[in-house]
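K.L.:
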Amino acid sequence: MDRRSFIKNASLGGLAAAGAAALATPAIAQANPKVNWRLASSFPKSLDTIYGGGEVLSKYVSEATDGAFQIQVFAAGEIVPGLQAADAAAAGTVEACHTVAYYYWGKDPTWALGAAVPFALNARGMNAWHYHGGGIDLFNEFLGTQGLVGFPGGNTGVQMGGWFRKEIKTVADMQGLKMRIGGFAGKVVEKLGVVPQQIAGGDIYPALEKGTIDAAEWVGPYDDEKLGFYKVAPYYYYPGWWEGGPTVHAMFNKAAFEGLPKNYQSLLRTACHATDANMLQKYDYLNPSAIKRLVASGAKLSPFSAEILSACFDKANEVYAEMEASNPTFKKIWDSIKAFRGEYYLNAQIAEYNYDTFMMIQQRGGKL
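For the sequence shown, the working numbering begins at 54 and goes up steadily by one.
#1: Looking at T382: is its Cβ nearer than 7 Å to the Cβ of T163?
#2: So A168 and G214 are in contact, right, with Cβ under 8 Å, and what is the actual spacing, rounded?
#3: Straight-line CA distance for E405 to R177?
#4: Using 8 Å as the Cβ pair cut-off and three pairs as the minimum, do the region 118-135 and the region 90-98 touch?
#5: I want to see whether chain C comes within less than 7 Å of E375, judged by CB atoms only; does it?
#6: Three or more beta-carbon pairs under 8 Å between the region 187-196 and the region 228-244, yes or no?
#7: Taking the alpha carbon of K284 as the point to measure from, which residue in P86, A349 and P356 has its own alpha carbon closest?
#8: Please state whether DSSP places M232 in a helix, a strand or coil.
#9: Express the C-alpha separation of G395 and V247 in angstroms, rounding to a whole number.
#10: Note down the Cα distance separating G67 from C150, rounded to an integer number of angstroms.
#11: I'd like the span of the beta strand (DSSP E) that includes L201, first residue to last.
#12: Suppose you measure from the CA of T78 to the CA of F366; what does that come to, to the nearest Å?
#13: Just to confirm my understanding: we take T118, look at its own chain, exclude 5 residues before and 5 after, and list those with CB closer than 6 Å. What are they?
#14: If I measure Cβ to Cβ from V88 and keep anything under 6 Å in the same chain, skipping five residues before and after, which residues do I get?
#15: If you reduce the DSSP assignment to three classes, tell me which class P259 lands in.
#16: Relative to the C-alpha of T328, which candidate in H185, Q199, A144 and N208 has its C-alpha closest?
#17: For V272, which residues in the same chain have their Cβ closer than 6 Å to its Cβ, ignoring the five residues on either side in sequence?
#18: Measure how close the beta-carbons of A173 and I390 come, nearest whole angstrom, since I'm counting them as under 8 Å.
#19: For H185, count the other beta carbons within 10 Å of its own beta carbon; 16 or more makes it buried, fewer makes it exposed. Which is it?
#20: Go through its chain and collect everything with a Cβ distance to A75's Cβ below 6 Å, but skip five positions before and after it.
#21: Would you list the residues sitting across from G26 in a DSSP beta bridge?
#22: Just to confirm the assignment, what range does the beta strand (DSSP E) spanning Q250 have?
#23: What residues in its chain sit with their C-beta under 6 Å from that of E296, if we drop five residues either side in the sequence?
#24: Does Q125 come out as helix, strand or coil in the three-state DSSP assignment?
#25: Please state the DSSP three-state secondary structure of T410.
#26: With 16 as the cutoff for other CB atoms within 10 Å, does N306 come out buried or exposed?
#27: In the region 114-199, which residue ranges form an unbroken alpha helix (DSSP H) of at least 4 residues, counting only runs that do not cross its ends?
#28: Taking the straight line between their C-alpha atoms, what separation do you get for A369 and A303?
#29: Taking all protein chains shown into account, do 16 or more other C-beta atoms lie within 10 angstroms of the C-beta of K335, making it buried, or fewer, making it exposed?
#30: Using only CA atoms, which one of S379, V301, K315 and N331 lies nearest to M179?
#31: What's the C-alpha gap between V372 and Y258?
#32: Please report the straight-line C-alpha distance between K160 and A238, rounded to a whole angstrom.
#33: What three-state label does DSSP hand V242 in the structure shown?
#34: Where D277 and E220 are concerned, what is the direct C-alpha to C-alpha distance, given to the nearest angstrom?
#35: The alpha helix (DSSP H) that contains A330, what's its start and end?
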């Protein structure tokens with residue numbers, strides 16, 4: 054081939070490639086039908102971490118479809134109250150919600166197993182069970198009976214034990230305590246004399262301030278600081294043994310989800326997975342500085358006593374036995390979590406525990 058022919062053919066090839074690229078955009082756009090959904094969050098906008106998970110999900114889906122698939126996020130109370138978000142998605146009032154499944158445990162305790170239950174798994178363990186231990190499929194078997202499809206869409210990491218207006222040193226100190234506590238952890242502490250209260254996030258501070266409740270758990274340092282609990286209940290206890298690794302779910306109306314093109318269904322699963330990871334990473338980054346600010350502002354940081362933790366553990370096992378005996382669906386999922394829990398903590402006490410313990414000793418010694 055002579056030089057002139059080579060240049061001519063190369064130019065034609067370049068034009069053809071450019072033409073193909075120009076045609077590709079509308080071809081992709083045609084494959085992405087316009088979809089507009091609404092998502093009801095269980096959280097107020099002030100909590101950029103946990104409420105922000107809904108916005109992150111919406112952003113990922115929009116960007117991946119060049120704006121064709123839009124999910125508009127509404128804060129708690131804008132369409133329905135926060136604790137009714139899953140009900141709204143199931144009924145088709147909205148197509149999606151971003152919530153924590155244990156909010157609905159009163160309808161069936163099985164709800165709580167997809168999120169967190171007392172003395173179960175931490176965040177890494179919960180994610181391992183969900184993604185590789187069959188947890189997502191098991192929980193969706195249950196959600197399907199509720200008219201929903203759900204995927205993990207966030208995790209806070211192990212939570213704090215809450216804010217108390219007075220010191221809690223013994224089990225006797227818990228008698229008659231009115232406490233805002235989510236999920237069926239309330240069923241456990243009730244056996245120790247606590248009066249559990251289910252209150253949405255935005256309503257906790259005024260209840261504490263007025264003395265309507267004596268204590269409240271929410272999430273952890275960063276979110277708790279935003280809600281100002283330290284101003285009215287200075288005793289800050291840890292750990293939140295009922296929420297070692299609470300999964301926040303994105304749930305979708307089952308008919309609406311199944312009516313989507315397969316590529317959109319796959320995208321939602323992937324976007325939820327990314328949102329799940331993003332939330333935990335954000336909490337891990339923000340909580341360390343928040344806990345220092347809280348202590349500087351007067352928060353009195355203390356661990357729950359061994360007596361309290363042991364009593365709660367024993368009562369939790371009583372509750373589990375009651376639920377296993379009366380609810381086959383609960384038992385099926387709880388058996389799966391329990392089986393993995395034993396293996397997970399066997400492994401965690403080897404390399405993970407020893408590395409973390411060594412590094413914590415270095416931190417306390419001022420070497421980090």
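Even glycine gets a Cβ: it sits at the ideal position worked out from N, Cα and C.
P.N.:
This is what the structure holds:
#1: Counted from its first residue, the sequence shown places residue 382 at position 329. Counted from its first residue, the sequence shown places residue 163 at position 110. Yes, Cβ-Cβ distance for T382 and T163 is below 7 Å.
#2: One-based indexing of the sequence shown puts residue 168 at position 115. One-based indexing of the sequence shown puts residue 214 at position 161. The Cβ separation is near 17 Å, so there is no contact.
#3: Residue numbering aside, residue 405 sits at position 352 when the sequence shown is read from its first letter. Residue numbering aside, residue 177 sits at position 124 when the sequence shown is read from its first letter. Each residue's alpha carbon lies about 12 Å from the other.
#4: yes
#5: No chain C is present in this structure, which holds just one protein chain.
#6: no
#7: Start at 1 with the first residue of the sequence shown, and residue 284 comes out as number 231. Out of P86, A349 and P356, A349 has the C-alpha closest to the C-alpha of K284.
#8: Taking the first residue of the sequence shown as position 1, residue 232 is located at position 179. Three-state result, M232: strand.
#9: Residue mapping note: residue 247 aligns to position 194 of the sequence shown, counting from 1. Residue mapping note: residue 395 aligns to position 342 of the sequence shown, counting from 1. Their backbone Cα atoms lie some 29 Å apart in a straight line.
#10: Numbered from 1 along the sequence shown, position 14 holds the residue referred to as residue 67. Numbered from 1 along the sequence shown, position 97 holds the residue referred to as residue 150. Only weak support exists for where G67 lies, its pLDDT of 45 falling under 50; the value from the coordinates is given anyway. Using only the alpha carbons, I get a separation of about 48 Å.
#11: Locating residue 201 in the sequence shown gives position 148, where the first residue counts as 1. Unbroken beta strand (DSSP E) run through L201: L201 to N208.
#12: Counting from one through the sequence shown, the residue named residue 78 turns up at place 25. Counting from one through the sequence shown, the residue named residue 366 turns up at place 313. Note that T78 scores a pLDDT of 47, beneath 50, so its modelled location is shaky; the value from the coordinates is reported in the next line. Taking the straight line from one Cα to the other gives about 58 Å.
#13: Taking the sequence shown and counting its residues from 1, the one referred to as residue 118 is at position 65. Correct list, in chain order: N85.
#14: For the purposes of this step, residue 88 is taken as the residue at position 35 of the sequence shown. Closer than 6 Å at Cβ, skipping near neighbours: F122.
#15: Reading the sequence shown from its first residue, position 206 is the one you call residue 259. The answer is helix: DSSP assigns P259 an H, G or I state.
#16: Counting from one through the sequence shown, the residue named residue 328 turns up at place 275. Ranking H185, Q199, A144 and N208 by Cα distance to T328 puts N208 first.
#17: Stepping through the sequence shown from its first residue, residue 272 is reached at position 219. Hits under 6 Å: T209 and Q212.
#18: The residue labelled residue 173 in the question sits at position 120 within the sequence shown. The residue labelled residue 390 in the question sits at position 337 within the sequence shown. Indeed they touch by this definition, with Cβ atoms about 6 Å apart.
#19: On the sequence shown, position 132 is the one that residue 185 refers to. Answer is exposed; the Cβ neighbour count stays below 16.
#20: Locating residue 75 in the sequence shown gives position 22, where the first residue counts as 1. Its pLDDT being 44, under 50, A75 is placed unreliably by the model, and nothing is read from it.
#21: The structure shown does not extend to residue 26, since the chain is modelled only from 54 to 421, so the question has no answer here.
#22: To locate residue 250, count along the sequence shown from 1; it is residue 197. Taken as a continuous stretch (DSSP letters only), the beta strand (DSSP E) holding Q250 covers V248 to Q250.
#23: By 1-based counting over the sequence shown, the position of residue 296 is 243. Excluding residues within five positions, the ones whose Cβ falls inside 6 Å are A169 and Q212.
#24: Along the sequence shown, one-based indexing puts residue 125 at 72. It is a strand residue.
#25: One-based indexing of the sequence shown puts residue 410 at position 357. Note: T410 maps to helix in three-state DSSP.
#26: The residue labelled residue 306 in the question sits at position 253 within the sequence shown. Under this definition N306 is a buried residue.
#27: 138-144, 163-166, 176-185 and 188-197
#28: The count along the sequence shown starts at 1 and reaches residue 369 at position 316. The count along the sequence shown starts at 1 and reaches residue 303 at position 250. Cα-Cα distance, rounded: 27 Å.
#29: For this step, residue 335 is matched to residue 282 along the sequence shown. Under this definition K335 is a buried residue.
#30: Sequence index remark: in the sequence shown, residue 179 carries index 126 (1-based). Nearest C-alpha to M179: V301.
#31: By one-based count along the sequence shown, residue 372 stands at place 319. By one-based count along the sequence shown, residue 258 stands at place 205. Computed Cα separation, rounded: 29 Å.
#32: Within the sequence shown, the letter at position 107 stands for residue 160. Within the sequence shown, the letter at position 185 stands for residue 238. Roughly 15 Å between the two C-alpha positions.
#33: Residue numbering aside, residue 242 sits at position 189 when the sequence shown is read from its first letter. If DSSP states are grouped into helix, strand and coil, V242 belongs with the helices.
#34: Locating residue 277 in the sequence shown gives position 224, where the first residue counts as 1. Locating residue 220 in the sequence shown gives position 167, where the first residue counts as 1. Rounded to whole angstroms, D277 to E220 spans 18 Å at the Cα level.
#35: In the sequence shown, counting from the first residue as 1, residue 330 sits at position 277. Unbroken alpha helix (DSSP H) run through A330: K315 to A349.
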